[in-house]
Every structure is written in structure tokens, then in C-alpha cells.
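A.B. asks: Provided herewith is a single structure, encoded as C-alpha cells, for subsequent inquiry.
In the working numbering, the protein residues as written are 66 to 251.
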């Protein structure tokens, strides 16, 4: 699939989830700190279950935000392991949305639109995930510090000069190439 589309989906997902985390946190904090006022209608009052639902939604959005960040990293590094959490979380979310739609058919149009959008965002990322997963593995080649096919017949002695060398930057040192008659091979 087109990686630009996948990048757009990844960044949109991260931005939307990040803003949702901020918004839900704000709702929880403001809802908990509002002084006890009598609501105009009894159904306007937030119950404990409403706070639990906000907390679960906040936790879900935090997990989705982290998965979106991993998705961005996975697309850039072409690693299927970083893309996988987002793919599986959205797939689970689609299944849960279908179950909620069956249980509560009052919001049929909004539920169907939400499911279609989730699948439309999920499919390109899933295709990219499969592409990364099925790509040939790039294996690093081990560097052999002691090659077996060395030039010079494969002697076991290191290939450094048979005579001592001196520091060329030190003017007081002995010459670099001393009289070689003293250094004969044994």
C-alpha cells in the first residue's frame, strides 16, 4: 500500500488519540471538582458508572495513543513488530463496535459510519503490516576479524613490519627506517 497514506493515518491516529486523552482527562477532572449542585433533571447527574466509563475510555485512548506512536516508528523503520499493536487494537475495537451496535441499535447510522471509518483506516495499515512481515529478512553479516584466506600464503604471524617504527611527529626520535642490516629474519 501507499506509505504516505499509512503515515497520514498514523499521524491522524496519534493526534486524535492525544486530543481525546486531554479532553477525557479534562472531563474527569472537571466532573470530579464541580461542587454538588442540584441538576435540573435527574438524568443529567453523572453517576459512578459514568466516571468508570470515562476512566475506561481514557485508558483505551492512552493505549491507542501509545500504539499510534509505535505505528509511526514501525512505518519509518519498516518493522512489523511495531505496527502489530495498532493493527490488533483496531481489529478488536471494530469487533467491539459491532457487538455494541448489535446491543444498542438506536445509534445505527453513527455506529455503521464509525465501523466503516475504522475498517477504512485499518486495511491500508494491515496491508503494510503484511508487507513488512513477509519481506525478506536482512541479516547482518558477521565481520570476521581473523580471515582464513589472507594474502601471503596464510601464515599465522601478524603482518606488521619486522623493524620498529618511530613517531614521525617527534623530531628527536630515531629515523623511521633505520639501518636494516641489523634486522634480519630468523
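By construction, the Cβ of each residue, glycine as well, lies at the ideal position given by its N, Cα and C atoms.
Computed from a prediction, not measured in an experiment: that's the story for all the values here.
The ligand ZN and residue 77: does any heavy atom of the ligand fall closer than 6 Å to the residue's C-beta?
C.D. replies: Absence of the ligand ZN is noted for the structure shown, with no ligands found whatsoever.
A.B. asks: Tell me the DSSP secondary structure of residue 251 in three-state form.
C.D. replies: Its pLDDT being 49, under 50, residue 251 is placed unreliably in this model, and the value from its coordinates should be taken loosely. In the structure shown, residue 251 sits in coil (DSSP, three-state: anything other than H, G, I, E or B).
A.B. asks: What does the alpha-carbon distance come out to for the pair residue 128 and residue 148?
C.D. replies: Looking at the two C-alpha atoms, the distance is approximately 14 Å.
A.B. asks: For residue 112, which of helix, strand or coil comes out of DSSP?
C.D. replies: Three-state result, residue 112: coil.
A.B. asks: Could you please give the first and the last residue of the uninterrupted alpha helix (DSSP H) stretch that includes residue 195?
C.D. replies: It spans 173-199 - the alpha helix (DSSP H) in which residue 195 sits, taken as one unbroken run.
A.B. asks: Report the CB separation of residue 68 from residue 140 in whole angstroms; it is logged as a contact under 8 Å.
C.D. replies: Residue 68 to residue 140, Cβ: 7 Å. Contact.
A.B. asks: Helix, strand or coil: how does DSSP classify residue 122 here?
C.D. replies: If DSSP states are grouped into helix, strand and coil, residue 122 belongs with the helices.
A.B. asks: Are the region 180-199 and the region 71-88 in contact at 8 Å, needing three or more beta carbon pairs?
C.D. replies: Judged by Cβ distances under 8 Å, the region 180-199 makes contact with the region 71-88, as three or more pairs qualify.
A.B. asks: Any idea what DSSP makes of residue 252, helix, strand or coil?
C.D. replies: Absent from the structure is residue 252, since the part of the chain shown begins at 66 and ends at 251.
A.B. asks: Keeping to the same chain, check which residues put their C-beta closer than 7 Å to that of residue 89; ignore five residues upstream and five downstream.
C.D. replies: Cβ neighbours of residue 89 beyond the five flanking positions: 119, 122, 123 and 126.
A.B. asks: I need the straight-line Cα distance from residue 82 to residue 150, nearest angstrom please.
C.D. replies: Straight-line Cα distance between these residues: approximately 15 Å.
A.B. asks: Taking just the CA atoms, how far does residue 137 sit from residue 197?
C.D. replies: One C-alpha to the other measures close to 14 Å.
A.B. asks: With distance defined between alpha-carbon atoms, name the residue in 152, 145 and 94 nearest to residue 78.
C.D. replies: Nearest of 152, 145 and 94 to residue 78, Cα basis: 152.
A.B. asks: Do you know whose CA, among 168, 143 and 182, lies nearest residue 159's CA?
C.D. replies: When only C-alpha atoms are compared, the closest one is 182.
A.B. asks: What is the rounded straight-line gap between the Cα of residue 171 and the Cα of residue 161?
C.D. replies: In a straight line, the C-alpha of residue 171 is about 16 Å away from that of residue 161.
A.B. asks: Using only alpha-carbon positions, find the residue among 144, 169, 142 and 131 that is nearest to residue 155.
C.D. replies: Ranking 144, 169, 142 and 131 by Cα distance to residue 155 puts 131 first.
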